[in-house]
Amino acid sequence: MKQFFIRRLLLLLPTLLGAVSLVFVLVHLIPGDPVEVMLGETATAADKEALRRSLGFDRPLLTQYRSFLLNLSSGDVGRSLYEPGSVASIIRARLPATLQLAFCAMIAAILVSFPLAMLAAIRRGGWIDRSALTFSLLGLSLPNFWLGPLLMIVFSIQLGWTPVSGRGGISHLFLPALTLGLGMAAILVRILRASVLQVIHQDYVRTARAKGLKESRVWLKHVLRNALLSVITILSLQFGGLLAGSLITETIFSWPGIGRLTVQAIQTRDYPLVQGCVLMIATSYVLINFVTDLLYKLIDPRVSYGD
Amino acid sequence: MATKLWFYIGSAILILLAACSLLAPWLAPHDPLRQNLDKDLVAYSSDHPLGTDKLGRDILSRTIYGGRISLLTGIATVLISLAIGIAAGSLSGYFGGWLDQLLMRLVDILMAFPGILLAIALTAVLGPGIDHVILALCLIGWTGYARLVRGEILSLREREFVQAARCLGCRPERIILRHLMPNLLPPLFIQATFGLAAAIVAEGSLSFLGLGVEPPTPSWGSMLNDGRQFLLVAPHLTTYPGLALMFTVLALNVVGDTLQERLQSRTP
Chain A
1464 MKQFFIRRLL LLLPTLLGAV SLVFVLVHLI PGDPVEVMLG ETATAADKEA LRRSLGFDRP
1524 LLTQYRSFLL NLSSGDVGRS LYEPGSVASI IRARLPATLQ LAFCAMIAAI LVSFPLAMLA
1584 AIRRGGWIDR SALTFSLLGL SLPNFWLGPL LMIVFSIQLG WTPVSGRGGI SHLFLPALTL
1644 GLGMAAILVR ILRASVLQVI HQDYVRTARA KGLKESRVWL KHVLRNALLS VITILSLQFG
1704 GLLAGSLITE TIFSWPGIGR LTVQAIQTRD YPLVQGCVLM IATSYVLINF VTDLLYKLID
1764 PRVSYGD
Chain B
7 MATKLWFYIG SAILILLAAC SLLAPWLAPH DPLRQNLDKD LVAYSSDHPL GTDKLGRDIL
67 SRTIYGGRIS LLTGIATVLI SLAIGIAAGS LSGYFGGWLD QLLMRLVDIL MAFPGILLAI
127 ALTAVLGPGI DHVILALCLI GWTGYARLVR GEILSLRERE FVQAARCLGC RPERIILRHL
187 MPNLLPPLFI QATFGLAAAI VAEGSLSFLG LGVEPPTPSW GSMLNDGRQF LLVAPHLTTY
247 PGLALMFTVL ALNVVGDTLQ ERLQSRTP
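First to last, the protein sequences are chains A and B.
Going by our numbering, the first sequence opens with residue 1464, and the numbers climb by one from there.
Going by our numbering, the second sequence opens with residue 7, and the numbers climb by one from there.
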């Protein structure tokens, strides 16, 4: 296990460095003078010069890269152009809202998908199975930037059951979590159903039945437990995807998280803040994948990545 | 039987979409950019069967032309990504060594980002526009094809027919193009079907955030974004582009799923 951990860590470092470098390069891809793009053409020469110096654009590219990495190692991602405080502190203030939304979306996806996938596998070929597959296909085909407004029309405007937007109690969470979680539920139904169908033909399930175990015990202890292994990977990978998906969902429902912050920063051309947000989401995604690999190995010692 | 039926329905929707996109100038009842402020936010009229938007532009015409943009972006993204992915995956899988290591680490780094995040970040710095959208989507799109091609070539390159070609003195490019590529086409075609669906949704997402096509050019994503402000008074603004987008993606997923099932059932 120790050797496996070291191998994965060695693979993680270049990937993380690559992702960080890509985020650094982003601001330098701005066509023309990045400072002029950020401040607009009407800004004075003194303002432009001051920003150029504060962002370090007056220094050679390699020096900028070195200080970017050094600052990053001490948690300094720069300062926002318009909002008070450092980028790190702005992100820290918005992070709880995004995590709350992502966790609730994941729970909603699990609550919908697990029973549906199990029933579909138990009644394979029946109407429940067909409905589950149709649900999965529809869930994968409904983009969240349409699903969100659609749910808003039905639940907030027509029925008046939930608030239209903003963050508050549980009622505020319902629609954004559903919008964000539906795609994940659709994938989980497919994976878990396929996984259960694969497991139920294994010898140990036949043996459990031959021993005379109750059917509920066979399903819960032998089938579901083993079928869940493949779901864990998808679940954590999808959680990383939820962070990225929050950009659109948070914008639709005016949810004050990292996603909305990123979109607002893009609209105001606050590139240091955009850089910080993208970096935060990308590194979380990489680290979540890393932890998933470790968890997977811990849960199922048969897993091998060529170590 | 039911799967076959869904496959035919999906294919019919795609053919219809392609025909509508090609024949848009003849099918669209109005100029999609023509404004008529006297007829803004009309829900239905004989002249505008799907209504009009806040500037009095015909929704039916804009939905038809919007399909053109979605399909154009999707196809261009898939074709360019395929070309880069096939080239990178073939070089990586066939020659191996440092080139393989270099290309696959690059793929790892790009795949370390959630795809849509990188596309949003890139279009945010490059500015809106269809060419920037295609560039951003290709940057992340080729990695999946490269992985697939590399994997397939690794499993094929020691097979007898490849060894025989090598013994006959065939050059590597001929072996890749004439002997390996025909075996790669079915899985690549299936991945391209899902890739097209993903590219159409991604273009919609970018346009929805104002980073895709520039106004007043219609796109399903930008129409949804425009309509969002009028959900209460004119829900039809979001309904029709949303339905068009959903049916297109649904059709692509159904066709892709069916083809994948067929391929898997043929694989020994």
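C-beta: ideal position from N, C-alpha, C; glycine also.
What does residue i pair with, by DSSP beta-bridge criteria?
| i | result |
| --- | --- |
| R1542 (chain A) | A:S1549 |
| T58 (chain B) | B:D64 |
For residue i, which three-state DSSP category applies?
| i | result |
| --- | --- |
| D64 (chain B) | strand |
| D1770 (chain A) | Here D1770 (chain A) scores only 45 on pLDDT, less than 50, and its place in the model should not be relied on; the value that follows carries that caveat. Of the three classes helix, strand and coil, the one that applies to D1770 (chain A) here is coil, per DSSP. |
| T1505 (chain A) | coil |
| Y2 (chain B) | Lying outside 7 to 274, the shown extent of chain B, residue 2 (chain B) is not represented and no answer is given. |
| H1685 (chain A) | helix |
| L1750 (chain A) | helix |
| M1581 (chain A) | helix |
| Q1665 (chain A) | coil |
| Y50 (chain B) | coil |
| H242 (chain B) | helix |
| D1521 (chain A) | coil |
| R1555 (chain A) | helix |
| L1493 (chain A) | First, the residue type needs correcting, since residue 1493 (chain A) is Ile and not Leu in the sequence shown. In this structure, I1493 (chain A) counts as coil in the three-state DSSP scheme. |
| L33 (chain B) | helix |
| R165 (chain B) | coil |
| R1680 (chain A) | helix |
| G1704 (chain A) | helix |
| L237 (chain B) | coil |
| I1674 (chain A) | Looking at the sequence provided, one finds Lys at residue 1674 (chain A) rather than Ile. Three-state DSSP puts K1674 (chain A) in coil, outside helix and strand. |
| Q1527 (chain A) | helix |
| P247 (chain B) | helix |
| L39 (chain B) | coil |
Near residue i, what residues of its chain come up, given a Cβ to Cβ distance below 6 Å and the 5 sequence neighbours on each side ignored?
| i | result |
| --- | --- |
| L20 (chain B) | A257 |
| V260 (chain B) | W12, G16 |
| I1469 (chain A) | none |
| C144 (chain B) | T83, I86, S87 |
| G1769 (chain A) | Any answer about G1769 (chain A) is weak, because its pLDDT of 48 lies below 50 and its placement is not dependable; what the coordinates show is given next. Taken in chain order, the list of residues that qualify is empty. |
| F1637 (chain A) | T1625 |
| L1736 (chain A) | S1543, V1550, A1728 |
| Y246 (chain B) | L56, I65, T69 |
| I1493 (chain A) | V1500 |
Within the same chain, show all residues whose beta-carbon is closer than 7 Å to that of residue i, passing over the 5 residues directly before and after it, in chain order.
| i | result |
| --- | --- |
| T223 (chain B) | I75 |
| Y50 (chain B) | G57 |
| S1634 (chain A) | T1625, P1626 |
| A1482 (chain A) | A1745, T1746, V1749 |
| V239 (chain B) | L47 |
| G135 (chain B) | E220 |
| A198 (chain B) | V84, L88 |
| S96 (chain B) | V155, I159, I182 |
| R1732 (chain A) | V1500, M1501 |
By Cβ distance, which residues of its chain are closer than 8 Å to residue i, with the 5 residues on each side in sequence left out?
| i | result |
| --- | --- |
| D232 (chain B) | D59, K60, L243 |
| V1741 (chain A) | V1486, L1489, T1725 |
| V1686 (chain A) | V1659, V1662, I1663, V1668 |
| L194 (chain B) | L88, I92, Y151, L154, V155 |
| L128 (chain B) | H138, L141, A142, L145 |
| S1484 (chain A) | Y1528 |
| T9 (chain B) | T264, E267 |
Taking 7 Å as the cut-off, is the C-beta of residue i nearer than that to any heavy atom in the ligand MN?
| i | result |
| --- | --- |
| I159 (chain B) | Looking for the ligand MN in the displayed structure turns up nothing, as the structure carries no ligands at all. |
Problem set entry | Where the segment 92-114 of chain B meets chain A: residues whose CB sits under 7 Å from a CB there | Flagged, chain order: R111, D114.
Problem set entry | Interfacial residues, the segment 238-272 of chain B to chain A, with Cβ spacing under 9 Å | Listed in sequence order: L238, P241, T244, T245, P247, G248, L249, L251, M252, F253, T254, V255, L256, A257, L258, N259, V260, D263.
Exercise. At what residue ranges does the segment 175-220 of chain B contain a whole run of the alpha helix (DSSP H), taking only runs of 4 or more?
Worked result: Scanning the segment 175-220 of chain B for uninterrupted alpha helix (DSSP H) segments of 4 residues or longer gives 187-214, listed from N- to C-terminal end.
Exercise. Using a beta-carbon distance cut-off of less than 8 Å, what residues from the segment 1696-1713 of chain A approach chain B?
Worked result: For the segment 1696-1713 of chain A, the residues whose beta carbon sits under 8 Å from a beta carbon of chain B are, in order, G1703, G1704, L1706, A1707, G1708, L1710, I1711.
Exercise. What runs of the beta strand (DSSP E), each 3 residues or longer, lie entirely inside the segment 62-96 of chain B?
Worked result: As far as the segment 62-96 of chain B is concerned, it has no whole beta strand (DSSP E) run of at least 3 residues.
Exercise. Along the segment 192-220 of chain B, what residues have a CB closer than 8 Å to any CB found in chain A?
Worked result: Per Cβ criterion, the list reads A203, V207, G210, S211, F214, L215, G216, L217.
Exercise. Closer than 8 Å, Cβ to any Cβ of chain A: which residues of the segment 57-70 of chain B, in chain order?
Worked result: Listed in chain order, the positions of the segment 57-70 of chain B with a beta carbon within less than 8 Å of a beta carbon of chain A would be empty, since no residue qualifies.
Problem set entry | Under 8 Å (Cβ pairs) to chain B, residues found in the segment 1517-1528 of chain A | Taking 8 Å as the Cβ-Cβ cut-off against chain B, none of the residues of the segment 1517-1528 of chain A qualify.
Exercise. What are the start and end residues of each continuous alpha helix (DSSP H) run of 4 or more residues lying completely inside the segment 1576-1662 of chain A, in chain order?
Worked result: Runs found: 1590-1604, 1607-1614, 1633-1662.
For this session: Mind listing, in chain order, the continuous alpha helix (DSSP H) runs of no fewer than 4 residues lying wholly within the segment 1708-1752 of chain A?
Result: Listed in chain order, the complete alpha helix (DSSP H) runs (minimum 4 residues) inside the segment 1708-1752 of chain A are 1721-1730.
For this session: Check each residue of the segment 1737-1757 of chain A: if its Cβ is closer than 7 Å to any Cβ of chain B, include it; give the result in chain order.
Result: Result list: V1737, V1741, I1744, A1745, Y1748, V1749.
Problem set entry | Residues of the segment 1467-1487 of chain A whose Cβ lies closer than 9 Å to any Cβ of chain B, in chain order | Taking 9 Å as the Cβ-Cβ cut-off against chain B, the residues of the segment 1467-1487 of chain A that qualify are L1474, P1477, T1478, L1479, L1480, G1481, A1482, S1484, L1485, V1486.
Problem set entry | Residues of the segment 1488-1513 of chain A whose Cβ lies closer than 8 Å to any Cβ of chain B, in chain order | Listed in sequence order: L1489, V1490, L1492, I1493, P1494.
Exercise. Along the chain, which unbroken stretches of the alpha helix (DSSP H) at least 4 residues long are found entirely within the segment 125-172 of chain B?
Worked result: Counting only runs of 4 or more, we get 136-162.
Exercise. Listed in chain order, which residues of the segment 149-169 of chain B have Cβ atoms closer than 9 Å to some Cβ of chain A?
Worked result: When C-beta distances to chain A are compared with 9 Å, every residue of the segment 149-169 of chain B stays at or above that value.
Exercise. Mind listing which residues of the segment 1528-1547 of chain A have their C-beta closer than 9 Å to chain B's C-betas, in chain order?
Worked result: For the segment 1528-1547 of chain A, which is checked against every Cβ of chain B, not one residue is closer than 9 Å.
For this session: With 8 Å as the C-beta to C-beta threshold (strictly closer), list the residues of the segment 1612-1633 of chain A near chain B in chain order.
Result: Going along the segment 1612-1633 of chain A in chain order, one finds P1612, L1613, M1615, I1616, I1620 with a Cβ nearer than 8 Å to chain B.
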